[in-house]
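Working notes, structure below.
Residue numbers (the working numbering): 624 to 798.
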């Protein structure tokens, strides 16, 4: 078992680390997630069902650990990915507007039922296919599509008032 665990660790540690890093700003936090995830993998490796995909199983453990940390801390902050060379070209007001919209989106996505919320997060931030989302969440590909589309439709309604409320300020944001 130790040899199996070692090979799993070296094969999937980077996947877990970079997944966690997308959600946390500090690499130390991502490293803590890696430690917790592989502790759980080690403890439950004997009970892993061989018919399942090991990568999906580890990925699901990682997401559970990440989302669990957010629930404990009562925050849901995602790293804003704006490259340095682009920052010079973007007006500060546009960045502020983008940040406000993103924060509101994340606030609203937390209000959705858990599976819808996770489906949206996995699709938009992780870039997973509906098949992969289905594997991670233990649902069919069609269910993943359905949850995503219903969730996005609901999010549009939830965000409509916020964005329209900001449109009065768009003069300040628009160039």
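Note that beta-carbon positions come from the ideal geometry of N, C-alpha and C, so glycine has one too.
All values derive from a computational prediction rather than experimental measurement.
Remark: C-beta atoms of residue 631 and residue 668 approach each other more closely than 9 Å. Comparing C-alpha distances from residue 781 to each of 761, 759, 680 and 729 shows the shortest one belongs to 729. In the DSSP annotation of this structure, residue 750 is not part of any alpha helix (DSSP H), being labelled neither H nor E.
By the Cβ-count criterion, residue 776 is exposed, with fewer than 16 other Cβ atoms from all chains shown falling within 10 Å of its own Cβ.
Separation of residue 673 and residue 755 (C-alpha to C-alpha, rounded to the nearest whole angstrom) is 18 Å. Apart from sequence neighbours up to five positions away, the residues of its chain that approach residue 685 with a beta-carbon distance below 6 Å are 639, 642 and 660, ordered along the chain. One alpha carbon belongs to residue 751, the other to residue 627, and they sit about 27 Å apart. Going by beta carbons, residue 646 and residue 689 fall inside the 9 Å limit. By alpha-carbon distance to residue 732, the top candidate from 768, 773 and 759 is 773.
In the assembly as shown, residue 739 is a buried residue. Its beta-carbon has 16 or more other beta-carbons within 10 Å.
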